[in-house]
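**Q** In the numbering used here, the protein residues as written are 112 to 220.
(1) Taking C-beta to C-beta, are residue 143 and residue 173 nearer than 9 Å?
(2) Can you grab the Cα-Cα spacing for the pair residue 112 / residue 156, in whole Å?
(3) Is residue 141 helix, strand or coil by DSSP?
(4) Considering only residues of the segment 154-201, which uninterrupted alpha helix (DSSP H) runs meet the minimum length of 4 residues and lie entirely inside it, listed in chain order?
(5) Let me know the secondary structure DSSP gives residue 132 once reduced to three states.
(6) Residue 170: buried (16+ other C-beta within 10 angstroms of its C-beta) or exposed?
(7) How big is the Cα-Cα spacing for residue 122 and residue 163?
(8) Leaving out the 5 sequence neighbours to the left and right, which residues in its chain are closer than 6 Å to residue 186 when beta-carbon positions are compared?
(9) Closer than 8 Å is the cut-off here; do at least three beta carbon pairs connect the segment 130-144 with the segment 190-208?
(10) To which residues does DSSP link residue 152 through a beta bridge?
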């Protein structure tokens, strides 16, 4: 069985993907050895980079598994219209919502 290719999440979508607070995470999740949401062990072949996040104490580089990342992207896609004027007018024209949808489809593969 071949491993699925990693997914690069566009930088402009990263802030829309909500993460658990760093201060409540076990050490392995905080340092990226386990999925930030589900706690599954990660390797360089399975980890999806969730970008650099700034904290009060410095910088954080969370990582996640494909399944949990897809779930978080779907949640971002669902909540986005409530924060977007374009979605209020016509959601079919919103590039951000479309990009979240495409990313969710890519994570499904």
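Just so it is clear, CB atoms sit at the ideal spot from N, CA and C, and this is done for glycine as well. Here the structure is a predicted model, which means the values were calculated and not measured.
**A** Reading off the structure:
(1) yes
(2) Unreliable positioning characterises residue 112 in this predicted model, as indicated by a pLDDT of 44, which lies under 50. The coordinate reading is nonetheless provided below. If you take the alpha carbons of residue 112 and residue 156, they lie about 14 Å apart.
(3) helix
(4) 177-190 and 196-201
(5) coil
(6) exposed
(7) Rounded to whole angstroms, residue 122 to residue 163 spans 10 Å at the Cα level.
(8) Cβ within range, chain order: n/a, list empty.
(9) no
(10) 145
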